Amino acid sequence: MEPKYQRRKHILFLAILVFAFVFSIVIFDMLLYIAELNTNPAVHSLNDSFRMIESTYNLVSEEVAVYPITSAGRILSLSLIAVSVIILIVFAAQVFALLQIFHSRPLFRRLEKDIDQDEKELLSEFEESQVMEQEILDKQQQIINYEEDIIAKLDRLRDEKK
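Quick note on this note's numbering: the sequence shown kicks off at 951 and runs consecutively.
Following this line, the structure appears as structure tokens:
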């Protein structure tokens, strides 16, 4: 795969992960608000459910929490934490893959330069060998012409002696 295509693919995937993270926070917060609205007297607005999630993130026990939370709300909050951790792990893996691509680009350029240099050296050696081969062929033709001249002279000498 082309490096540019790989970079774009990883960046797009990172953007999708960020969107999924924000979207999951909003969805879980709304679900928490709906679940806690009728059962928890501390919940009056959507901001209260955000504070409940915050207290769950801080891993505060129910007795110490400023905003107490029911078991359904705690399950939703812990589910949000689990989804967030999974998204964070995938996000970190994608960032690592993207960093590898950016790190490997100079290496590929160096290798490409080395390959180009080796290719030029091989091409120059090949051209030299072609020149040598052409010289050998020219000398062979000269030798053949010289031998034909000698044979022609010998034939004339034989014809003169007859």
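Beta carbons are placed, not taken as given, at the ideal position from N, Cα and C, and that holds for glycine. Since we're looking at a predicted model, the values are computed, not measured.
- Item | Contact the region 956–972 vs the region 1041–1052: 3+ CB pairs below 8 Å | Here the region 956–972 lies against the region 1041–1052, with 3 or more beta-carbon pairs under 8 Å apart.
- Item | Inter-residue Cα distance where the pair is Tyr955 and Ile1051 | When rounded, the distance between both Cα atoms is 11 Å.
- Since I believe Leu982 is in contact with Gly1023 (beta carbons under 8 Å), could you give me their beta-carbon distance rounded to a whole number of angstroms? Contact flag correct, Cβ pair sits at about 5 Å.
- Query: So, is Phe978 buried or exposed, given that buried needs 16 or more other C-beta atoms within 10 angstroms?
  - Reply: Result: buried.
- Flag this pair as yes or no: are the beta carbons of Ser974 and Ile1037 separated by less than 8 Å? Result yes, Cβ atoms of Ser974 and Ile1037 sit closer than 8 Å.
- Measure the C-alpha to C-alpha separation of Glu1097 and Asp1109 and round it to an integer number of angstroms. A straight line joining the alpha-carbon of Glu1097 with that of Asp1109 spans about 18 Å.
- Helix, strand or coil: how does DSSP classify Lys1070 here? DSSP places Lys1070 in helix when its eight states are reduced to three.
- Query: I think Ser1021 touches Phe971, with their Cβ atoms under 8 Å apart; what is that distance to the nearest whole Å?
  - Reply: Their Cβ separation, rounded to whole angstroms, is 25 Å, which puts Ser1021 and Phe971 out of contact at 8 Å.
- Query: Where does Asn988 sit, in a helix, a strand or coil, going by DSSP?
  - Reply: Three-state result, Asn988: coil.
- For Lys1112, three-class secondary structure by DSSP: It is coil, neither helix nor strand.
- Message: Here's the rule: buried if 16 or more other CB atoms are within 10 angstroms of the residue's CB, otherwise exposed. What is Leu1030?
- Response: Looking at its Cβ environment, which holds 16 or more other Cβ atoms inside 10 Å, Leu1030 is buried.
- Query: To the nearest angstrom, how far is it from the Cα of Asn1095 to the Cα of Lys1070?
  - Reply: A straight-line Cα-Cα distance of about 37 Å links Asn1095 and Lys1070.
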